[in-house]
Amino acid sequence: MRAAGIIAGGGLVAFPTETVYGLGANALDDKAVAQIFEVKNRPNFNPLIIHISKISDALRLAEFDDRAEKVANAFWPGPLSIVLPRRVDSKVSFLASAGLDTIALRMPANKVAQKLLAAARCPIAAPSANRSGEVSPTMAEHVAQSFSKSGNKGPSLILDGGPCYVGLESTVVDLSAETASLLRPGGITQEILADNLGTLALAGSDDNAPRSPGMMTRHYAPASSLRINATTAGPNEAFLGFGDNAEGAIHNLSPDSNLTEAAANLFAMIRDLDNGTYEGIAVASIPEYGLGEAINDRLKRAAKKG
Ligand code: TXA
Ligand code: MG
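Taking this note's numbering, I'd label the letters of the sequence shown as residues 4 to 309.
Structure representation (structure tokens):
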């Protein structure tokens, strides 16, 4: 299958699911995932849903308790994404999960999606296959239209599986904490879910994040304080460089000043520096264009918390 080869080679493939078309990349490959954000032209990094083809694959990526197993068995394959603690040995890209210790997993029911996942033999990270700010595509033509406006940026291949019958993104339920919460309403209704889970806490109830659907995610913030637009490290700080601005840097987001590479490295490098050895992390300034916008958005949020 040509599509599977593209995914394995680090490229992007748009594929149908029962909900909406997804823009897929190898979820284990930071650079491939960075390209998703690049072609979508997103000004920020949202964690992505990781698509898998078998429960046994899911068990390798996240910690399933009895409740999660019950819900997965009841609703997979289908339009439900489950947020779970990521396994410590999980190989999923930290960019795909926006640096979080949790990941959202989903097993799509669409036959083309299942064939792609089985042939690619890796989990596939996939947001909806549209450019930022546009509505989610439910037909292959929508995907082509969306990316035709973006010059040569887009998926290498669009798999046509006809119209999506759900036509609405998957329900996202968070089972990473003791109390289950609904993060995004979708294909599976709250009532149906609650029948399986007992009482379901309301979305956003324990969080001051914005309450619009899809935005109710706690963001990863490093424990160390973070200082942006730095040119060098201060006392007890680790310096995270970019391009030529990397004197004394412990890591360089991209020695060639490549923003896709910098995005791919961002969360993994910050996590590595946030290991308790340093009091703070000083980050070189990142140009504010292309993926730099999303990188700066993330860094500014982290710097505020620090
Ligand atoms: O129906 C769908 O779910 C489609 C198809 C392609 O599968 N995908 C999709 O992906 O809608 P996306 O990236 O547009 O939506 C991901 C949603 C966002 O609301 C995000 O905040 C949430 O999942 N999410 C992902 N990982 C999360 C995590 N670790 N914790 C909390 N929320 C998470
Ligand atoms: Mg979307």
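Ideal placement from N, C-alpha and C gives every residue a C-beta, glycine not left out.
Consult DSSP for residue i and reduce its assignment to one of helix, strand or coil.
i: P230; result: The displayed chain sequence assigns Arg, not Pro, to residue 230. It is a strand residue.
i: E137; result: coil
i: N255; result: strand
i: G293; result: coil
i: N248; result: strand
i: L185; result: strand
i: I191; result: coil
i: G8; result: helix
i: L120; result: helix
i: D177; result: strand
Verify whether the separation of the beta carbon atoms of residue i and residue j is less than 7 Å.
i: L171; j: D177; result: no
i: I53; j: V23; result: no
i: V36; j: A128; result: yes
i: G14; j: D32; result: no
i: V115; j: G81; result: no
i: S159; j: I273; result: no
i: V169; j: G190; result: yes
i: G244; j: N261; result: no
i: L3; j: S173; result: The chain is shown only over 4 to 309; residue 3 falls outside these bounds and no answer can be derived.
i: Y281; j: E250; result: no
i: L298; j: L269; result: Residue identity check: residue 298 is Ile in the sequence provided, not Leu. Cβ distance < 7 Å, so I298 and L269 count as in contact.
i: E66; j: R45; result: no
i: A285; j: A233; result: yes
i: P126; j: I55; result: yes
Is there at least one non-hydrogen atom of the ligand TXA closer than 6 Å to the beta-carbon of residue i?
i: P50; result: yes
i: L162; result: no
i: P130; result: yes
i: S173; result: yes
i: V95; result: no
With 7 Å as the threshold, decide whether the Cβ of residue i is near any Cβ in chain C.
i: G251; result: Considering every chain present, this structure includes no chain C. It has just one protein chain.
Item to complete: Please specify which runs of the beta strand (DSSP E), each continuous and at least 3 residues long, are wholly inside the region 18-105, giving them in chain order.
Response: 25-29, 52-54, 83-88
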